[in-house]
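Below you'll find the structure, written out as structure tokens, and then a few comments.
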Amino acid sequence: MKGIPMRHCVPWLPRLALLAGLIGLPASAIAWDYTPAAISGLTSLYGYLTNQNATLERAAAKYPSLRNDIQQVRNAFDRQYPDALATVTRLFQDIPLPATDRARLATKVLEMDREAMQSALASEPAMQAYLQRVRESAQGDMEKASLQLLLAAVYEDKPAAELASPMARTYTTRGVRQAGAIDLMLRMPLSWERDAAREKLLPDNAIFAFTSQGGNGLSTIDLLARPLPKDAAREGSKEGAKEGGKEGSGAVAAARAAEELKALTGASAKVIAQGTVRLANHRANWASFSIASDGGRLQYGRVWWVPLPEAGQTAVLLCRTPSLAPQAADNERQRLEPLWQAVAATLSTATPAR
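According to mature numbering (1 follows the signal peptide of the UniProt record, and there is no 0), the residues represented by the sequence shown are -31 to -1, 1 to 323, in order.
Okay, structure coming up:
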């Protein structure tokens, strides 16, 4: 098997992960969604990276003739996943579990990889084969779920930077029924998983639904298709000719945006800011918003409406944080907003000729 085999079976891990979800997030870890599935994957990732580091260190001491190869492999892995071990270790240590349970987790996963370490260190040929597997991992050749979680960890404090990674993916709506008469293209970080189950829960106008942390997180980015307002073509031609002019009072525009957001989210939203921007060679409207929920929690988000008169549809990009305590929610908004804007900038259209 090529790449990194990181999914270990620890019988009591799901129960501990559920307990962690009930305890809640530590203040230092608000940017990471410690869902049960994320905790399980993060624990496996921590075990693998820790043992990989130890294996390479021991190999350099045991086989001097391989030191150059070992350093080259280290460099390749570090270029692709900068500070991976340090970041994953910090996130693992922030898992909201009692210290004794967390230590138990660490001991178990490190033991499970120890046999592989011993096999790799048994001889030079065995170590050369191990180095080749690490090279392949540095090129992204590993289990998809593990790769997504690794990328989510590496880019945790700068998620927009992942969009520039060669591993980012381009999605096209060609052939998707909800896209209607137009093609839409969107570029997304690999760590955001297209969530087919959530797409089924969204209205019929859902084109794509993406969830953070390989589908295990709580932040979402959705691409939707909405009917074009009856007056959009007429307003679009007028406003395109006088783009610098006013389109009405701010209060009226905010009320319209709030009404649209309620239709999209099913909740009453407070519009914080709004404006216009050019996306996919069209004049788009955007709004930043918040949604209050029980317990004083807040969800922040940003939405772009891209009217496409030639296709009779409006493309909607809807980005949202989880619902968190106010300060945590605001921190998450600040962390994710650069990614939201970067994703919006990749939106492009190609209308079929008629």
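Each residue gets a CB set at the ideal place from its N, CA and C atoms; glycine is no exception.
Please state whether DSSP places residue 264 in a helix, a strand or coil. The residue labelled residue 264 in the question sits at position 295 within the sequence shown. Under the three-state reduction of DSSP output, residue 264 falls in the helix class.
Please name the residue in 315, 29, 160 whose C-alpha comes closest to that of residue 119. Taking the sequence shown and counting its residues from 1, the one referred to as residue 119 is at position 150. Checked all of 315, 29, 160; the closest Cα to residue 119 is 160.
According to DSSP, residue 197 sits in a beta bridge with which residue or residues? The residue given as residue 197 occupies position 228 in the sequence shown. Per DSSP, none; premise fails for residue 197.
DSSP three-state label for residue 191, please. On the sequence shown, residue 191 is found 222 positions in, with the first residue counted as 1. Residue 191: strand per DSSP, three-state reduction.
Distance between beta carbons of residue 17 and residue 82, contact taken as under 8 Å: Along the sequence shown, read from residue 1 onward, the residue named residue 82 stands at position 113. Along the sequence shown, read from residue 1 onward, the residue named residue 17 stands at position 48. Sure, about 6 Å apart at Cβ, within 8 Å.
Can you tell me the Cα-Cα spacing of residue 155 and residue 36, whole angstroms? Here the question's residue 155 lines up with position 186 in the sequence shown. Here the question's residue 36 lines up with position 67 in the sequence shown. Cα to Cα, residue 155 sits roughly 43 Å from residue 36.
Exposure of residue 100, with buried meaning 16 or more beta-carbon neighbours within 10 Å: Numbered from 1 along the sequence shown, position 131 holds the residue referred to as residue 100. Buried is the call here.
Please name the residue, chosen from 102, 89, 277, 234, that lies closest to residue 150 on a Cα-to-Cα basis. One-based indexing of the sequence shown puts residue 150 at position 181. Among 102, 89, 277, 234, the Cα nearest to that of residue 150 belongs to 277.
Separation of residue 73 from residue 144, as counted between CA atoms: Counting from one through the sequence shown, the residue named residue 144 turns up at place 175. Counting from one through the sequence shown, the residue named residue 73 turns up at place 104. Near 49 Å, if we compare the C-alpha coordinates of residue 73 and residue 144.
Would you give the residue range spanned by the alpha helix (DSSP H) that residue 17 belongs to? What you label residue 17 is simply residue 48 of the sequence shown in a count that begins at 1. Per DSSP, the continuous alpha helix (DSSP H) segment holding residue 17 begins and ends at 5 to 31.
Going by the CB atoms, is the gap between residue 107 and residue 45 shorter than 7 Å? For the purposes of this step, residue 45 is taken as the residue at position 76 of the sequence shown. For the purposes of this step, residue 107 is taken as the residue at position 138 of the sequence shown. Yes. Within cutoff.
Spatially closest choice to residue 309 from 176, 192, 76, 91, by CA coordinates: Position 340 of the sequence shown, counted from the start, is the residue given in the question as residue 309. Residue 192 is the option with its Cα nearest to residue 309.
To test your reading of the DSSP string, which unbroken alpha helix (DSSP H) runs of 4 or more residues are found completely within the region 21 to 101? Fully enclosed alpha helix (DSSP H) runs of 4 or longer: 36 to 49, 53 to 62, 68 to 89.
With a 10 Å radius around its C-beta and 16 neighbouring C-beta atoms as the bar for buried, classify residue 250 as buried or exposed. Taking the sequence shown and counting its residues from 1, the one referred to as residue 250 is at position 281. Exposed.
Within its chain, find whatever has a CB closer than 7 Å to the CB of residue 27; leave out the 5 residues flanking it on each side and keep chain order. Along the sequence shown, read from residue 1 onward, the residue named residue 27 stands at position 58. Counting only Cβ-Cβ distances below 7 Å, and skipping sequence neighbours, we find 90.
Looking at the strands, I want to know which residues DSSP matches up with residue 239. Position 270 of the sequence shown holds residue 239. Bridge partners of residue 239: 259.
Check the DSSP bridge columns for residue 282 and list the partner residues they point to. As a first step, residue 282 is located in the sequence shown; it is residue number 313 there, counting from the start. For residue 282, which the question treats as bridged, DSSP gives the partners 196, 277.
Does DSSP classify residue 249 as helix, strand or coil? To locate residue 249, count along the sequence shown from 1; it is residue 280. Note: residue 249 maps to coil in three-state DSSP.
Neighbourhood of residue -9 by C-beta distance below 8 Å, restricted to the same chain and skipping five residues each side: Counting from one through the sequence shown, the residue named residue -9 turns up at place 23. Low confidence applies to residue -9: its pLDDT is 40, below 50, so where it sits in the model is not reliable enough to give any reading.
What three-state label does DSSP hand residue 318 in the structure shown? Looking up residue 318 in the sequence shown gives position 349. Correct three-state label for residue 318: strand.
Enumerate in chain order the residues of its own chain whose CB-to-CB distance from residue 24 is below 6 Å, with the five nearest sequence positions on each side excluded. In the sequence shown, counting from the first residue as 1, residue 24 sits at position 55. Listed in chain order, the non-local C-beta contacts of residue 24 below 6 Å within the same chain comprise 86, 89, local neighbours out to five positions each way being set aside.
Thinking just about the alpha-carbon of each residue, which of 171, 316, 32 is nearest to the one in residue 92? By one-based count along the sequence shown, residue 92 stands at place 123. That would be 32, whose Cα lies nearest to the Cα of residue 92.
Residue burial classification, residue 221 (beta-carbon count within 10 angstroms, cutoff 16): As a working note, residue 221 is residue 252 in the sequence shown. Counting the other Cβ atoms within 10 Å of the Cβ of residue 221 gives fewer than 16, which makes it exposed.
In the DSSP assignment, find the unbroken alpha helix (DSSP H) run with residue 234 in it and report its ends. In the sequence shown, residue 234 corresponds to position 265, counting from 1. Following the DSSP letters along the chain, one finds residue 234 inside the alpha helix (DSSP H) bounded by residues 219 to 234.
Consult DSSP for residue 297 and reduce its assignment to one of helix, strand or coil. Numbered from its first residue, the sequence shown carries residue 297 at position 328. In the structure shown, residue 297 sits in a helix (DSSP, three-state: H, G or I).
Check whether the Cβ atoms of residue 256 and residue 246 lie closer than 7 Å to each other. For the purposes of this step, residue 256 is taken as residue 287 along the sequence shown, with counting starting at 1. For the purposes of this step, residue 246 is taken as residue 277 along the sequence shown, with counting starting at 1. In this structure, the beta-carbon distance from residue 256 to residue 246 does not fall below 7 Å.
Beta-carbon proximity check, residue 272 vs residue 287, cutoff 7 Å: In the sequence shown, counting from the first residue as 1, residue 272 sits at position 303. In the sequence shown, counting from the first residue as 1, residue 287 sits at position 318. Cβ distance < 7 Å, so residue 272 and residue 287 count as in contact.
Can you grab the Cα-Cα spacing for the pair residue 248 / residue 152, in whole Å? Within the sequence shown, numbered from 1, the residue matching residue 248 stands at position 279. Within the sequence shown, numbered from 1, the residue matching residue 152 stands at position 183. Annotation: residue 248 to residue 152 spans about 14 Å, alpha carbon to alpha carbon.
Alpha carbon of residue 243 to alpha carbon of residue 50, nearest angstrom: Along the sequence shown, one-based indexing puts residue 243 at 274. Along the sequence shown, one-based indexing puts residue 50 at 81. When rounded, the distance between both Cα atoms is 36 Å.
Since residue 167 is in the alpha helix (DSSP H), which residue starts that stretch and which ends it? On the sequence shown, position 198 is the one that residue 167 refers to. First-last of the alpha helix (DSSP H) with residue 167: 165 to 170.
Within this structure, are the beta carbons of residue 179 and residue 195 separated by less than 7 Å? Sequence index remark: in the sequence shown, residue 179 carries index 210 (1-based). Sequence index remark: in the sequence shown, residue 195 carries index 226 (1-based). With contacts defined as CB atoms closer than 7 Å, residue 179 and residue 195 fail to qualify as a contacting pair.
Three-state secondary structure assigned by DSSP to residue 120: In the sequence shown, counting from the first residue as 1, residue 120 sits at position 151. Helix, per DSSP.
Are the Cβ atoms of residue 275 and residue 253 separated by less than 7 Å? If you number the sequence shown from 1, residue 275 lands on position 306. If you number the sequence shown from 1, residue 253 lands on position 284. A contact, by the Cβ cut-off of 7 Å.
Would you kindly check if the distance between the Cβ of residue 176 and the Cβ of residue 142 is under 7 Å? By 1-based counting over the sequence shown, the position of residue 142 is 173. By 1-based counting over the sequence shown, the position of residue 176 is 207. Yes, the Cβ-Cβ distance between residue 142 and residue 176 is below 7 Å.
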